[in-house]
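Before any comments, here is the structure.
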């Protein structure tokens with residue numbers, strides 16, 4: 303699917319196109335440098351959560367294309383990516399803001415850690 307998308311973007315003269323794993327250091331650098339107008343995440347909810355952690359600090363919109371099983375957090379189903387991307391390229395879209403949670407772990411007066419969470423936090427023993 304990635305090769306098909308890269309071809310699609312090439313045919314539609316997308317200015318920037320980059321394919322990488324969400325853990326790729328170059329991708330992080332380019333997101334932090336504001337090189338992109340949108341990040342397209344392929345996968346399931348785990349991919350969307352990782353993309354959220356990567357993109358939220360830069361306020362970079364994410365379009366999730368579900369290639370996983372459930373895809374509660376993704377917007378586009380696997381077989382519908384081409385019309386969805388065409389709408390994005392045509393400017394026919396809306397950005398939905400999502401609230402993120404800031405979780406902090408304290409012991410007495412000491413902050414032990416802090417994390418950003420997209421949709422849930424689990425407190426366990």
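Residue numbers (our numbering): 303 to 427.
Glycine included, every Cβ here is placed at the ideal spot set by N, Cα and C.
About 14 Å separates the CB atoms of residue 383 and residue 364; that is not less than 8 Å, and the two are not in contact. In this structure residue 356 touches residue 330 by the C-beta definition: roughly 6 Å separates them, less than 8 Å. Between residue 346 and residue 373, the C-beta spacing is below 8 Å. Rounded to the nearest angstrom, the gap between the Cα atoms of residue 381 and residue 370 is 12 Å.
The three-state reading of DSSP puts residue 424 in coil, since its state is none of H, G, I, E or B. If you keep only unbroken beta strand (DSSP E) runs of at least 3 residues inside the stretch 320 to 369, you get 341 to 345 and 364 to 368.
Listed in chain order, the alpha helix (DSSP H) runs fully inside the stretch 364 to 404 are 383 to 391, counting runs of at least 4 residues. The stretch 386 to 402 makes contact with the stretch 303 to 321, as at least three CB pairs between them are under 8 Å. Out of 342, 418 and 397, the CA that lies nearest to the CA of residue 403 is found in 418.
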